[in-house]
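Everything on this sheet refers to the single structure shown next.
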Amino acid sequence: MTDWLTPEEWQAVALSLRVSFWATLLSLPIGIATAYALARGRFWGRQVLNGLVHLPLILPPVVTGYLLLATFGRRGTLGAFLESSFGLVLAFRWTGAALAAAVMAFPLMVRAIRLAIEAVDPRLEQAAGTLGASRPWVFVTVTLPLILPGIIAGAILAFAKAMGEFGATITFVSNIPGQTQTLPSAIYSFLQVPGGEPQALRLVLIAVAVAMVALLASEWVSRAVARRIGGA
Numbered sequence: 000m001t002d003w004l005t006p007e008e009w010q011a012v013a014l015s016l017r018v019s020f021w022a023t024l025l026s027l028p029i030g031i032a033t034a035y036a037l038a039r040g041r042f043w044g045r046q047v048l049n050g051l052v053h054l055p056l057i058l059p060p061v062v063t064g065y066l067l068l069a070t071f072g073r074r075g076t077l078g079a080f081l082e083s084s085f086g087l088v089l090a091f092r093w094t095g096a097a098l099a100a101a102v103m104a105f106p107l108m109v110r111a112i113r114l115a116i117e118a119v120d121p122r123l124e125q126a127a128g129t130l131g132a133s134r135p136w137v138f139v140t141v142t143l144p145l146i147l148p149g150i151i152a153g154a155i156l157a158f159a160k161a162m163g164e165f166g167a168t169i170t171f172v173s174n175i176p177g178q179t180q181t182l183p184s185a186i187y188s189f190l191q192v193p194g195g196e197p198q199a200l201r202l203v204l205i206a207v208a209v210a211m212v213a214l215l216a217s218e219w220v221s222r223a224v225a226r227r228i229g230g231a
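The opening position of the sequence shown corresponds to residue 0 in numbering that gives the first Met the number 0, with each subsequent residue numbered one higher.
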């Protein structure tokens, strides 16, 4: 692949993989907790939480990117706090690209995990509870193994979505080669210059391949884990 791609193109692909990996890994625990709260929780504000989770799917990505910039930028409330307290800068950095990708991919992750949780018979969890197991232990020993296919599917879909994220990312962290220029940003840049179509096409093929592999892997892994759990 390094011979087929130029160093600039390879840099964009490598950065996208890095951003997508961290976006998926760091958001997965939050996604599981949120999905469980929406699937099993009965509390005031549940519908509000559900709306907030899915809001990135409805809002224009540029709006999401602007909100991230206003919140996590150096002059934003959280951004200023993170920089002064931990030296962490998100705006116009690859870490900010990971945050933007995580926010945009979060609804897909939560939805896949939530559907898996809702498919689990609550009576199984209740039976474990009557035997003296605490709610966290019931989740770890009963619910978690049963929803593992949904977790894996959600993580893979989130990774693929993060690889393709463009609007929120370019608004929040700009399009800086070698720093924040991800795969979609590089495609956009190549299409803006004369003669850049061949480079853009190569990256488009990679993006399509990654998306297809992610979808197929999500389906295959989910079925494989479901068969293993069912046969256990």
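Each residue gets a CB set at the ideal place from its N, CA and C atoms; glycine is no exception.
Simplified DSSP state of residue i, which is helix, strand or coil
i: L56; result: helix
i: A90; result: coil
i: P121; result: helix
i: I175; result: coil
i: G95; result: helix
i: A69; result: helix
i: P193; result: coil
i: G75; result: coil
i: W136; result: helix
i: T181; result: coil
i: L130; result: coil
i: W3; result: coil
Spatial distance of residue i from residue j (CA atoms)
i: M0; j: A97; result: Because M0 sits at a pLDDT of 46, beneath the cut-off of 50, its placement in the model cannot be relied upon, and the following sentence gives the value as read from the coordinates. When rounded, the distance between both Cα atoms is 24 Å.
i: L114; j: G149; result: 7 Å
i: I151; j: G195; result: 37 Å
i: V18; j: G131; result: 42 Å
i: V212; j: L24; result: 19 Å
i: G75; j: F138; result: 37 Å
i: W298; j: T129; result: Only positions 0 to 231 of the chain appear in this structure, which leaves residue 298 out of reach.
i: L215; j: L147; result: 17 Å
i: I205; j: V119; result: 37 Å
i: P135; j: I112; result: 17 Å
i: Q46; j: R110; result: 14 Å
i: L37; j: N49; result: 7 Å
i: E7; j: A157; result: 25 Å
i: F165; j: E82; result: 25 Å
i: M108; j: A154; result: 6 Å
i: G78; j: Q125; result: 43 Å
i: K160; j: T140; result: 30 Å
i: L68; j: G163; result: 20 Å
i: A208; j: R201; result: 11 Å
i: Q180; j: L54; result: 25 Å
i: Y65; j: L4; result: 32 Å
Enclosing alpha helix (DSSP H) for residue i [first to last residue]
i: Q10; result: 6-39
i: G265; result: Outside the displayed span of the chain (0 to 231) sits residue 265, for which this structure offers no information.
i: G163; result: 143-163
8 Å Cβ cutoff, residue i in contact with chain B
i: V47; result: This model lacks chain B altogether; it includes just one protein chain.
Residue from the options whose Cα sits closest to the Cα of residue i
i: F71; options: L48, W219, V102, L25; result: V102
i: T106; options: I29, A69, Q180; result: In the sequence under discussion, the amino acid at residue 106 is Pro, which differs from the Thr named in the question. Comparing Cα positions, the closest option is I29.
i: A34; options: E117, W3, S83, A13; result: E117
i: I169; options: P59, V209, L87; result: P59
i: V52; options: L68, A69, I31, V61; result: I31
i: A11; options: A90, L182, S217; result: L182
i: L143; options: L123, F158, M162; result: L123
i: V61; options: E218, F171, V203, A185; result: F171
i: T63; options: A104, L87, T179, S26; result: A104
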